[in-house]
Each structure stands twice: as structure tokens, then as C-alpha cells.
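**Student:** Input: one structure, supplied below.
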Amino acid sequence: MASERTPSPATALIAPEALQVAVAALLAWYDAERRDLPWRQTRDPYRIWLSEVLLQQTQVATALPYYARLVERYPTVEALAASDLNELLALWQGLGYYARARSLRRAAQQIVAQHGGRLPQDYEALLALPGIGEYTAGAVLSIAFGLPTPAIDGNVRRVLARLFDLAKDLRTPEMQRWLTMASLAMLPPERAGDYNQAMMELGASLCRPRDAACGACPLRQACLAHDRGTASDRPVRPPRRQTPTHERVAAHCLDNDRLLIVRRLPSGLLGGLWELPNFALPPNAAPTAALQMALAPHAPDALPGEELTLVRHAYTHFSVRVHVLACTLTGFVPSGEWDACHWLALDELERYGLTGVALKAMRQGPWLAPRLL
DNA sequence: AAAGCGGGGGC
DNA sequence: GCCCCAGCTTT
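-13 is the number of the first residue of the first sequence in my numbering; add one for each residue after it.
The structure is reproduced here in C-alpha cells:
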């Protein structure tokens, strides 16, 4: 039975026998070269799930320290389900895509409530959980449970685009289905988890976006792009737009060595994270006047002073330049894009998840900068 | 089907 | 500066 393969458009491009030989070479390569990663030293589906969420849009080296801290603090699904969101966001600080943390926590709560604290061993049930899409469901099922389910991430898309010399935009649903069919045709049922991880590891180490190391690739003999010399043109990318830069102004308010921070609404950009009160700076407006006017609804007595520092920060689709002004005020009423405020003491710093801009403003400003030396 | 969502790292 | 990364959700 293992020799039977699901009929696939992929086998029209590469013969099934050649594909099987290539997969065998891939697995042999993986057995010899696989990295020793912490989530490869466990069979705990919870930890494998946690690692997969951390690795969404995140490189392995970046995820490693976060994985260690999260496993330490939340060793079980139950512990994560009972976690405090502010504390979780603080542990997540700097990783980005903070909706992952909120979804992870909600999913843990659903797993406790609906699945007895165990991850469901079922594709549809996994997909129904917050933060789990096709990739993560396939990764958990194959790696943790050994089920023959594809797991197609950016690495796998690139490897397949080259192996089959695909010239179309892979992000369309049509091509996503094509890649799923191709993966099913290649996937060895007895080593599903290893196959998926091998494809990802190949994309991360040899079949890189640039400078692919085709000479060492276990798939070289079957690879159509290598044969045709098109590997560096695969996968094709749609053109990108240029990103705008926004000017903003922020209030650096101290009271008895405590710094005023405000919390963003729970959803949307940087949801649930803490930051300095900050506002758009209209073109040609004076930062001092603009800040005082914008602060008025929250703090009528606010009095902005000198500019302490300028923070530059780049997001994916835009950049900001934030003028950070010293400011005095007696109180702050959160509303609009904020739902809470707090006077932060130095020894509380690690308990609050802060935005990258807030962190830079603190490090560059007079409150924190002198104590970092 | 397309857009929103972060920050780090390589070059 | 641009590109990419073990993607998911919302509209």
C-alpha cells in the first residue's frame, strides 16, 4: 500500500518513481543533517504546537529563547489556559504578531474545555482552534501524531516551486491546492513528520531564497528548476509597494520616578501592548502644540516640554518617526485606542509587554537610558 | 481574493 | 534599503 500514491498533477511533471527516489534521498539527507532543536526532543503535542506557533513568520534562531521561556513558565496546556494575558504578552514582547499569543491562550482554554486538555488528533478540530490554520494543523498532526498530512510553509513552497519549476504566483488558492496535491503525492505515510520537517529544513538550509546550494541538495537529480537553470527565479514574486513614513509625537511623563504608559485595545495593531501616549503629527505642525492638543481629551492639564529623543521604527508596511517630548500632567483618562493606563515603576518593567517603539523611547530617554550603562 | 498584522536578520 | 521568515484572520 505504501507504494501507491495519490494521483496528482505533480506526477505529470515528474514521474512517480523519480519522486519516490527523491523523497528517499531527502529523508536520508535529513537523518544525517537534522538540527538538534528543543522541540525535536519531545513527543508532547502541546510543545510541538507551541513551537509551530512561535515559528509562524519567525526564524528558528529568533524563536529559540522564547520557546525556552514559555515552556518553563507554561509547561502544560492547563498552565497556558490559566495564564494572565498581560504576563503572556510580556513574555512575547519583541516577537511580533501578538495576535498569535492571544490566539494561543484562547486555544488552550478551548482545548481544556472541549478536549479534556489534550490536543485533538483531528484536522477539522485543530483548524477550529484560534491561531491554527492549514499549516499548523498539518504540522501538529504529522509531527506529533504521525498522521500523513502535508504541512506547507514558505520553505516548502520554495522547494516545490523549484522542484517542479512552477512559474505561477503560489499564493493563490489554486496553487495552494496544487501544492497540497503534490505534497500528498510525495509524502511517505510511515514518516510523515520527518518528511515535512525535512522539506522545511531543506528550504531553510540549502534551498535558500538566494544562493541556493544546489550542489549539496538531495533533490538535485529530480529538480526541474535546477535542470533548466531557473532555480534563482523560483518562486516568482509579485511586485511590492513602497512603504510610507508617518510622523508621530509621544508624551514622556514622569511622576516620582514612574513613567506613564497606556494599553492599546485588545485587538488590532499591537493589541494589548503598552506604550507611551502617542498621536499623529500633522504635516508642518509643531510637536509641542500638536501633543498638547491631542492630549487634551485625556489630560486637560498636560504641558509638553522639550523633545527628548526621536525614535525611528519600521513595520512591514510603513515606518514611523516618533518625537518623544517630556510632559507633565496629573492624570490620564484612557479612551479611544487605549483602554487602560499605568504609572510604571522600574522594577515592573518586565511584567508589561511593551511595543518596540515604547522600548526604544525608554532606552533612548532620561528615565531608563542612564540605568542601562 | 486581498489586506492587516511585527520584528529580526541577511545582504 | 529590500527581502524573507516552520501563517492566520478578517473583510
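Built from N, CA and C at the ideal position, the CB exists for glycine as well.
The structure presented is a predicted model; accordingly, all values stated were derived computationally and were not measured.
So, with DSSP's three-state summary, where would you put F131?
**Tutor:** Locating residue 131 in the first sequence gives position 145, counting from the first residue. Residue state, collapsed to three classes: helix.
**Student:** Under the three-state reduction of DSSP, which class applies to W353: helix, strand or coil?
**Tutor:** Counted from its first residue, the first sequence places residue 353 at position 367. If DSSP states are grouped into helix, strand and coil, W353 belongs with coil.
**Student:** Give the straight-line distance between the Cα atoms of L277 and F265, rounded to the nearest whole angstrom.
**Tutor:** Counted from its first residue, the first sequence places residue 277 at position 291. Counted from its first residue, the first sequence places residue 265 at position 279. So the two alpha carbons sit approximately 7 Å from each other.
**Student:** Might you give, ordered along the chain, the residues of its own chain that have their beta carbon closer than 6 Å to the beta carbon of M185, omitting 5 neighbours on each side?
**Tutor:** Mapped onto the first sequence, residue 185 falls at position 199. If we look at M185 and ignore the five residues flanking it on each side, its Cβ neighbours are V142 and V145.
**Student:** I'd like the span of the beta strand (DSSP E) that includes E233, first residue to last.
**Tutor:** Working through the first sequence from its first residue, we reach residue 233 at position 247. Taken as a continuous stretch (DSSP letters only), the beta strand (DSSP E) holding E233 covers T231 to D241.
**Student:** Just to check, is the beta-carbon of E187 closer than 8 Å to a non-hydrogen atom of the ligand FMN?
**Tutor:** In the structure shown, the ligand FMN is absent, as is every other ligand, since no ligand is present at all.
**Student:** Can you list, in chain order, the residues of its chain with a C-beta nearer than 6 Å to that of T314? Leave out the 5 residues immediately preceding and following it.
**Tutor:** Here the question's residue 314 lines up with position 328 in the first sequence. Contacts found: L289.
**Student:** Skipping 5 residues on each side, what residues in its chain have a beta carbon closer than 6 Å to that of G394?
**Tutor:** One cannot answer for residue 394 here, as it falls past the ends of the chain, which runs -13 to 359.
**Student:** Does the distance from the CB of R92 to the CB of G132 come in under 9 Å?
**Tutor:** If you number the first sequence from 1, residue 92 lands on position 106. If you number the first sequence from 1, residue 132 lands on position 146. Not in contact: R92 and G132 (Cβ atoms no closer than 9 Å).
**Student:** Going along the chain, which residues of its own chain have a beta-carbon closer than 7 Å to the beta-carbon of E38, five neighbours each way excluded?
**Tutor:** Taking the first sequence and counting its residues from 1, the one referred to as residue 38 is at position 52. Only T122, A125 and V126 meet the Cβ criterion.
**Student:** For C313, which of helix, strand or coil comes out of DSSP?
**Tutor:** Residue numbering aside, residue 313 sits at position 327 when the first sequence is read from its first letter. Three-state result, C313: strand.
**Student:** Between the alpha carbons of T28 and C193, how many angstroms are there, rounded?
**Tutor:** Along the first sequence, one-based indexing puts residue 28 at 42. Along the first sequence, one-based indexing puts residue 193 at 207. In a straight line, the C-alpha of T28 is about 27 Å away from that of C193.
**Student:** Ignoring anything shorter than 4 residues, give me the alpha helix (DSSP H) runs that lie fully in the segment 112 to 176, in order along the chain.
**Tutor:** Segments of the alpha helix (DSSP H) lying fully in the segment 112 to 176: 120 to 125, 140 to 149 and 159 to 172.
**Student:** According to DSSP, what are the bridge partners of E293?
**Tutor:** In the first sequence, counting from the first residue as 1, residue 293 sits at position 307. Looking at the DSSP assignment, E293 forms a beta bridge with L311.
**Student:** Check each candidate in W35, V63, D70 and A54 and name the one with the smallest Cα separation from G339.
**Tutor:** Against the first sequence, residue 339 aligns to sequence position 353. Minimum Cα distance to G339 is reached at D70.
**Student:** Which word fits L304, buried or exposed, when buried means at least 16 other C-beta atoms lie within 10 angstroms of its C-beta?
**Tutor:** What you label residue 304 is simply residue 318 of the first sequence in a count that begins at 1. The sequence shown places Phe at residue 304, rather than the Leu named in the question. With fewer than 16 Cβ atoms within 10 Å of its Cβ, F304 is classed as exposed.
**Student:** Determine the direct distance from the alpha carbon of A99 to that of Y109, and round the result to whole angstroms.
**Tutor:** If you number the first sequence from 1, residue 109 lands on position 123. If you number the first sequence from 1, residue 99 lands on position 113. Answer to the nearest angstrom: the Cα atoms are 18 Å apart.
**Student:** Do the segment 215 to 227 and the segment 241 to 250 make contact, defined as three or more Cβ pairs closer than 8 Å?
**Tutor:** Result no; under three Cβ-Cβ pairs closer than 8 Å.
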